[in-house]
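Chemist:
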Amino acid sequence: MIMFEQDSDVLRWGLHLLGGDVPISEFRATGTQRGVAVAEASERSHYSEDRWQASVLAQDWLGPAVTNLRSGSRDAEVGKRLNHAVPVPLLQPSNTTRGYGSTSRRSEEHTRVKPSFKAFSPKEIQYATNNFSQSLMIGQGGYGKVYKCQLDNWDVAVKILDDQGDQGLKEYIKEMEVLEEMRHENLINLMGTCFKFRALVYEYLPNGSLEDCLKDRPRELTWEVRTRIVYEICTALRFLHANRPEPLVHGDLKPHNVLLGANFKVKLADFGLCRYLTQGENSKAFHQTMHVSGSAGYIDPDYLGSGIVTPGVDVYSLGKTVVKI
1 MIMFEQDSDV
11 LRWGLHLLGG
21 DVPISEFRAT
31 GTQRGVAVAE
41 ASERSHYSED
51 RWQASVLAQD
61 WLGPAVTNLR
71 SGSRDAEVGK
81 RLNHAVPVPL
91 LQPSNTTRGY
101 GSTSRRSEEH
111 TRVKPSFKAF
121 SPKEIQYATN
131 NFSQSLMIGQ
141 GGYGKVYKCQ
151 LDNWDVAVKI
161 LDDQGDQGLK
171 EYIKEMEVLE
181 EMRHENLINL
191 MGTCFKFRAL
201 VYEYLPNGSL
211 EDCLKDRPRE
221 LTWEVRTRIV
231 YEICTALRFL
241 HANRPEPLVH
251 GDLKPHNVLL
261 GANFKVKLAD
271 FGLCRYLTQG
281 ENSKAFHQTM
291 HVSGSAGYID
301 PDYLGSGIVT
311 PGVDVYSLGK
321 TVVKI
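For the sequence shown, the UniProt record's numbering assigns the number 1 to the initial residue and increments by one for each residue that follows.
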């Protein structure tokens, strides 16, 4: 059972209200009946088209969370970002209650926006992947498994996360949070999610990862192509680091997380370990106290020694990636 102790957690889970894919057993709040009420609302609208009713019933629960975070609670800084980054589908009537075509921007005055990606039901995911057939699996690693299939007549890659614990949940939510806010031609496009399976549905990229291309098809990567790949990785990082008010550090840049679309166009992926940085009052260096993980061989030694996270963490990983390219 997931217990909510902070309003920031409340807002993160608001992401799934209209999707209707959060069971009551995993949607209860600590010390309050508000979580139970919204869970039951979500359950009653389970996979129905009338998710508008679920958000209406949830108003009394999510409303105070938004207010508390705006008024200076201990998680005010997180809440400020969530108001801009996480779509909380409160009381937003729509003729198309489930779709990822909406690109409404968030504002401080209005949190009643619809996600730009779709909440797929478990049945949709199971059907598309032929009940997670090995024949459709195109990737596997410590993160989980990836399947190529079709959803809503789109070729997609469905990533099922293996880690069902707290860390896996944090990375799952972080991925949604970042890709909802960050839109760029060199960032992977998140098309949908399914909470039950911890599934993330991405656009399908035919050329796979840079890691695989360097290993299996190096002759296709001419020097011209490689130069362009480096340039586009730099473009993606510049976009993340220039984000305001808080720069974003990817934290796990490596060839495996650089995906390649048609004509080897770069799509930076895997944002589960990324971190927003806040600026210290007495220092020009950006820092934060949360632990940042990474892959062996690509982690900045300065970070390992000091524990201070700066955009330089990504710059070091970029240098190692360029050497491999």
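All C-beta atoms, glycine included, are put in the ideal place defined by N, C-alpha and C.
May I ask you to list the residues that DSSP assigns as paired with W154?
Modeler: Working through the sequence shown from its first residue, we reach residue 154 at position 154. In the DSSP output, where bridge partners are listed per residue, W154 has L151.
Chemist: When DSSP labels each residue in this structure, what does E180 get in the three-state scheme?
Modeler: Against the sequence shown, residue 180 aligns to sequence position 180. The answer is helix: DSSP assigns E180 an H, G or I state.
Chemist: Let me check one thing: in DSSP terms, what residues is I160 bridge-paired to?
Modeler: Working through the sequence shown from its first residue, we reach residue 160 at position 160. I160 is bridged to K145, A199.
Chemist: What does a CB cutoff of less than 8 angstroms around T129 pick up in its chain, not counting 5 residues either side in sequence?
Modeler: What you label residue 129 is simply residue 129 of the sequence shown in a count that begins at 1. Here the set comprises L136, Y147, C149, V158.
Chemist: Is C234 helix, strand or coil when you go by DSSP?
Modeler: The residue you call residue 234 lines up with position 234 of the sequence shown. C234: helix per DSSP, three-state reduction.
Chemist: Using the C-alpha atoms, what's the distance from K145 back to T235?
Modeler: Residue 235 sits at position 235 when you count from the first residue of the sequence shown. Residue 145 sits at position 145 when you count from the first residue of the sequence shown. Taking the straight line joining both Cα atoms gives about 28 angstroms.
Chemist: Let's see if you can read the secondary structure: which residues bound the beta strand (DSSP E) around L268?
Modeler: For this step, residue 268 is matched to residue 268 along the sequence shown. From DSSP, the beta strand (DSSP E) with L268 extends over 266-268.
Chemist: Using a 10 Å radius around the Cβ and a threshold of 16 neighbouring Cβ atoms, would you call K324 buried or exposed?
Modeler: By one-based count along the sequence shown, residue 324 stands at place 324. Exposed: under 16 other Cβ atoms inside 10 Å.
Chemist: What span of residues does the beta strand (DSSP E) with L259 cover, start to end?
Modeler: What you label residue 259 is simply residue 259 of the sequence shown in a count that begins at 1. L259 -> beta strand (DSSP E) spans 258-260.
Chemist: For a quick check, are the C-beta atoms of F132 and M191 less than 8 angstroms apart?
Modeler: Residue mapping note: residue 132 aligns to position 132 of the sequence shown, counting from 1. Residue mapping note: residue 191 aligns to position 191 of the sequence shown, counting from 1. In this structure, M191 does not lie closer than 8 angstroms to F132 by Cβ.
Chemist: Buried or exposed: where does Y127 fall if 16 or more other Cβ atoms within 10 Å of its Cβ makes it buried?
Modeler: Walking along the sequence shown from the start, residue 127 turns up at place 127. With fewer than 16 other Cβ atoms within 10 Å, it is exposed.
Chemist: Measuring alpha carbon to alpha carbon, tell me which residue in D302, L240, L161, R228 is nearest G261.
Modeler: Position 261 of the sequence shown, counting from 1, holds the residue named residue 261. Taking only the C-alpha atoms, the option nearest G261 is R228.
Chemist: Less than 6 angstroms between C-beta atoms, sequence neighbours within five positions excluded: which residues of the same chain meet that for D314?
Modeler: Here residue 314 refers to the residue found at position 314 of the sequence shown. Correct list, in chain order: L237, V249, H250, L253.
Chemist: Output the distance between the C-alpha atoms of Q140 and D212, rounded to the nearest integer angstrom.
Modeler: Reading the sequence shown from its first residue, position 140 is the one you call residue 140. Reading the sequence shown from its first residue, position 212 is the one you call residue 212. Approximately 12 angstroms, taken between the alpha carbons.
Chemist: For I325, which of helix, strand or coil comes out of DSSP?
Modeler: Against the sequence shown, residue 325 aligns to sequence position 325. Coil.
Chemist: With DSSP run on the structure shown, which of helix, strand or coil describes I299?
Modeler: As a working mapping, residue 299 is identified with position 299 in the sequence shown. Coil at I299, not helix or strand.
Chemist: Is it the case that the Cβ atoms of T193 and A119 are separated by a distance below 8 angstroms?
Modeler: Position 193 of the sequence shown, counted from the first residue, corresponds to residue 193. Position 119 of the sequence shown, counted from the first residue, corresponds to residue 119. Contact flag set, yes.
Chemist: Considering Cα atoms alone, identify which of P218, E203, T222 is closest to N153.
Modeler: Reading the sequence shown from its first residue, position 153 is the one you call residue 153. Closest option to N153, Cα to Cα, is E203.
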